[in-house]
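S.K.: The numbering of the sequence shown is UniProt numbering, which starts it at 1 and goes up by one.
From the three backbone atoms N, C-alpha and C, an ideal C-beta is built for every residue, glycine too.
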Amino acid sequence: KRHYPASIFCCYLSWVAYIFCNYDIAKDMIETKWELEKNLHRVYYGLGTVYFFDTLTFIALARKTKEDKWIRPAFASFEKAKKDAYSKPHRILMLETEMNVMMGKTKNAINNYNKVIHFARENGNPCEEAIANERAGDFCLSQDDIRASHYYGQAYSLYLQWGAKGKAAQIKKNYLKSGIFQ
């Protein structure tokens, strides 16, 4: 009886862990959720949000660890996200962009991040707009592109707007010390 609420709790914990770049904790929560779901007749998918964050988490782990073992779960979650009727187009574009960057296909990355940012803003979603700005900043930083500071500054402002003061402080702390965040 308690597996369903526990699985939902794991979803939320994994999302918070992802947002704070604690990818190992996010992965642990996803795996715990999967174990709990084995005993359920229905699973919580949070109107497409579960697959969105699961995919982002596995992509982040693949990037962080350079281990191929995270690519398969990233693709599996991505396929579920694409099939989900509740998946918003900007989420799918964000996941496609992240998948392409993970696979080394970076030609259109900034244009796609900018589209995601625009669509998230149009949909009134400062959280996902902030995430897209942060990911664009991370991408620019990996390419030694000076636009990273712009994207991190936008992410900082959006996290504050969303009410995520702790995340805004993390961005400021992480990128101030490296001279990126002005």
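I'd like the ranges of any alpha helix (DSSP H) spanning at least 4 consecutive residues and lying wholly in the segment 72-130.
M.R.: Within the segment 72-130, the complete alpha helix (DSSP H) runs of at least 4 residues are 89-102 and 109-122.
S.K.: What is the DSSP secondary structure of A148, reduced to helix, strand or coil?
M.R.: Correct three-state label for A148: helix.
S.K.: Does DSSP put residue 187 in a helix, in a strand, or in coil?
M.R.: Since the first and last residues shown for the chain are 1 and 182, residue 187 lies out of range.
S.K.: Would R2 be called buried (16 or more neighbouring beta carbons within 10 Å of its own) or exposed?
M.R.: Looking at its Cβ environment, which holds fewer than 16 other Cβ atoms inside 10 Å, R2 is exposed.
S.K.: Is there at least one Cβ from chain C nearer than 8 Å to F78's Cβ?
M.R.: The chain inventory of the structure shown lacks chain C, comprising one protein chain alone.
S.K.: The alpha helix (DSSP H) that contains W70, what's its start and end?
M.R.: Run containing W70: none; DSSP gives neither H nor E here.
S.K.: Leaving out five residues on either side along the sequence, give the residues of the same chain with a beta carbon under 6 Å from the beta carbon of I30.
M.R.: S14 and D54.
S.K.: Please report the distance separating the alpha-carbon of N123 from that of K69.
M.R.: Cα-Cα distance, rounded: 34 Å.
S.K.: Short check: CB of C11 to CB of G46, under 8 Å?
M.R.: Contact flag set, yes.
S.K.: With a threshold of 8 Å on Cβ separation, who are the neighbours of I117 within its own chain once the five nearest residues in sequence on each side are excluded?
M.R.: If we look at I117 and ignore the five residues flanking it on each side, its Cβ neighbours are E129, A132, N133, A136 and Q154.
S.K.: Compare the C-alpha of A76 against each of T57, K66, P89 and D144 and name the closest.
M.R.: Checking every option, the nearest Cα to that of A76 belongs to T57.
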